[in-house]
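Asker: Can you read through this structure? Questions will come right after.
Residue numbers (our numbering), protein chains in the order written: chain A, 1466 to 1724; chain B, 2 to 181.
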């Protein structure tokens, strides 16, 4: 469980003052996890994030998600903390405060890297003033990815850190096998028609929604049903409550009719 | 007192039941990208689109393979990979339970073999991508027998093809010159 700082990202040189965890502390931590019979207090350190993670942490302790059901409480001093929550990419300016916080918290403590920036540096990973995520500087026990992690992911991460739930994600590797030929999607629709439909849907609804809408439309177009497509789309347009969706479907139908 | 209790019962419980019950989710929520390596042609469109460089590819011509890598720790769940993927190999699910104890568990990797050029014998493109391009040309109206006849051309690298084309034109020009 315990990792020394900088083991995963060898290209990042650990900055001066990077912490290595001794074996004795690792053993103490196992005892803490086994025998913890009280609330776990969390102290939050923002090393240079965008504040999105902080908003989600406070959502997680709000009555709707209520992390305090499990005794997880956010405290305002590292001296009270069992869990240190590092958010944001490790910036040059916040490196020393982050290390000082680590030393201020009593041993044994659990360190959680929170959010994409905390795990690896996220979208800021190649900035001149960023030392990657938390782990080049401080030994991390649990990583919670997400940008930002939702309150659900936060609660799951805390439960994982305290050993209440099991880890679901495992490293995956695939090697190309024989006969893995890929056929183009939607084989029954002419290629040019598919491209025109996709372009129009994305122009009207934006990149992600456009794709979802065009998948629905082409599924309808390809479906082998006794009623012809023209009739089905007509019935659909009459029943659709959302005027925006109806307009997009009508426009796509026009493109199909032009052929 | 009774009134207060009545009000409390009427309002009900606002707290979500997670982790004892599945969490409520929005239909438009973007969660963990699910990767299906069997649908992937290693075309690298997703690695170009990825704003956080969570998706990367390394090509090793000596070993004849290309490695595709996804780091969930770096992913910002923007769904651009899903947008650009021509074969639907990567789709965002609603899963958010991604926390891990070991950093290496956040990685997804896949190896693809490279096809050697028919004339210079050096690897130039993933095997599956060449197959997909031929299938796409057939779909766009090229007769299957013609595609099969041109297979040798498709399996030649751009450099060799350019070289062959230049040689053909030089040869043509030479033939034109000797005409009186």
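By construction, the Cβ of each residue, glycine as well, lies at the ideal position given by its N, Cα and C atoms.
Near residue 1513 (chain A), what residues of its chain come up, given a Cβ to Cβ distance below 6 angstroms and the 5 sequence neighbours on each side ignored?
Answerer: Taken in chain order, the residues that qualify are 1553, 1554, 1556, 1559.
Asker: Could you check the C-alpha separation between residue 1472 (chain A) and residue 1585 (chain A) for me, to the nearest Å?
Answerer: At residue 1472 (chain A) the pLDDT is 45, less than 50, meaning the model places this residue with poor confidence; the figure from the coordinates comes in the next sentence. Rounded to whole angstroms, residue 1472 (chain A) to residue 1585 (chain A) spans 12 angstroms at the Cα level.
Asker: Buried or exposed for residue 78 (chain B), please, with buried defined as at least 16 other CB atoms from any protein chain shown within 10 angstroms of its CB.
Answerer: So residue 78 (chain B) ends up on the buried side.
Asker: In chain A, which residues lie less than 7 angstroms from residue 169 (chain B) when you measure between Cβ atoms?
Answerer: Near residue 169 (chain B) there are no residues of chain A at all, since even the closest Cβ is about 30 angstroms away, more than 7 angstroms.
Asker: Can you pull out the residues from the stretch 98-120 of chain B whose beta carbon lies closer than 7 angstroms to at least one beta carbon of chain A?
Answerer: Of all residues in the stretch 98-120 of chain B, 98, 99, 100, 101, 102, 104, 105, 106, 107, 108, 109, 110, 111, 112, 113, 114 have a Cβ within less than 7 angstroms of some Cβ in chain A.
Asker: Buried or exposed: where does residue 197 (chain B) fall if 16 or more other Cβ atoms within 10 Å of its Cβ makes it buried?
Answerer: Because residue 197 (chain B) is not part of the residues shown, which for chain B are 2 to 181, the question remains open.
Asker: Okay, do the stretch 1677-1685 of chain A and the stretch 64-76 of chain B touch, 3+ Cβ pairs below 8 angstroms being the bar?
Answerer: At 8 angstroms Cβ cutoff, the stretches do not touch.
Asker: Counting only the same chain and skipping the five closest in sequence on each side, list residues whose C-beta sits under 7 angstroms from that of residue 1716 (chain A).
Answerer: The residues are 1665, 1669.
Asker: Anything in chain A within Cβ reach of residue 159 (chain B), meaning under 8 angstroms, just list it in chain order.
Answerer: Correct list: empty, because the minimum Cβ distance to chain A is about 22 angstroms.
Asker: Spatial neighbours of residue 1714 (chain A) within its chain, please: CB distance less than 8 angstroms, with the 5 preceding and 5 following residues excluded, ordered by chain position.
Answerer: Hits under 8 angstroms: 1678, 1682, 1698, 1701, 1702, 1705.
Asker: Where do the N-terminal and C-terminal ends of the alpha helix (DSSP H) with residue 48 (chain B) fall, by residue?
Answerer: Taken as a continuous stretch (DSSP letters only), the alpha helix (DSSP H) holding residue 48 (chain B) covers 46-50.
Asker: Going along chain A in order, which residues have a C-beta closer than 7 angstroms to the C-beta of residue 39 (chain B)?
Answerer: Neighbours of residue 39 (chain B) on chain A, chain order: 1645.
Asker: What runs of the alpha helix (DSSP H), each 4 residues or longer, lie entirely inside the stretch 1606-1644 of chain A?
Answerer: Listed in chain order, the complete alpha helix (DSSP H) runs (minimum 4 residues) inside the stretch 1606-1644 of chain A are 1616-1626.
Asker: Hey, how far is the Cα of residue 1689 (chain A) from the Cα of residue 1654 (chain A)?
Answerer: Roughly 13 angstroms between the two C-alpha positions.
Asker: Is residue 1511 (chain A) helix, strand or coil when you go by DSSP?
Answerer: Reduced to three states, the DSSP call for residue 1511 (chain A) is strand.
Asker: What is the C-beta distance between residue 86 (chain B) and residue 47 (chain B), in whole angstroms, given that I count them as a contact (C-beta under 8 angstroms)?
Answerer: With 8 angstroms as the limit, residue 86 (chain B) and residue 47 (chain B) qualify as a contact, their Cβ atoms being about 6 angstroms apart.
Asker: Measuring only the C-alpha atoms, how far is residue 1573 (chain A) from residue 136 (chain B)?
Answerer: Residue 1573 (chain A) and residue 136 (chain B): Cα-Cα distance of roughly 59 angstroms.
Asker: Look at the Cβ atom of residue 107 (chain B), then the Cβ atom of residue 34 (chain B), and state whether they are nearer than 8 angstroms.
Answerer: The answer is no: Cβ separation not under 8 angstroms.
Asker: Using DSSP's beta-bridge definition, name the partner residues of residue 168 (chain B).
Answerer: DSSP lists no partner for residue 168 (chain B).
Asker: Would you call the stretch 1534-1541 of chain A and the stretch 1503-1510 of chain A in contact, with 3 or more CB pairs under 8 angstroms?
Answerer: Touching, per the Cβ criterion.
Asker: To the nearest angstrom, how far is the alpha carbon of residue 1608 (chain A) from that of residue 90 (chain B)?
Answerer: Cα-Cα distance, rounded: 26 angstroms.
Asker: How about residue 112 (chain B) and residue 1641 (chain A): do their beta carbons lie closer than 8 angstroms?
Answerer: Taking 8 angstroms as the Cβ cut-off, residue 112 (chain B) and residue 1641 (chain A) qualify as a contacting pair.
Asker: Return the bridge partner residues of residue 1578 (chain A) from the DSSP annotation.
Answerer: Answer is A:1551, A:1608.
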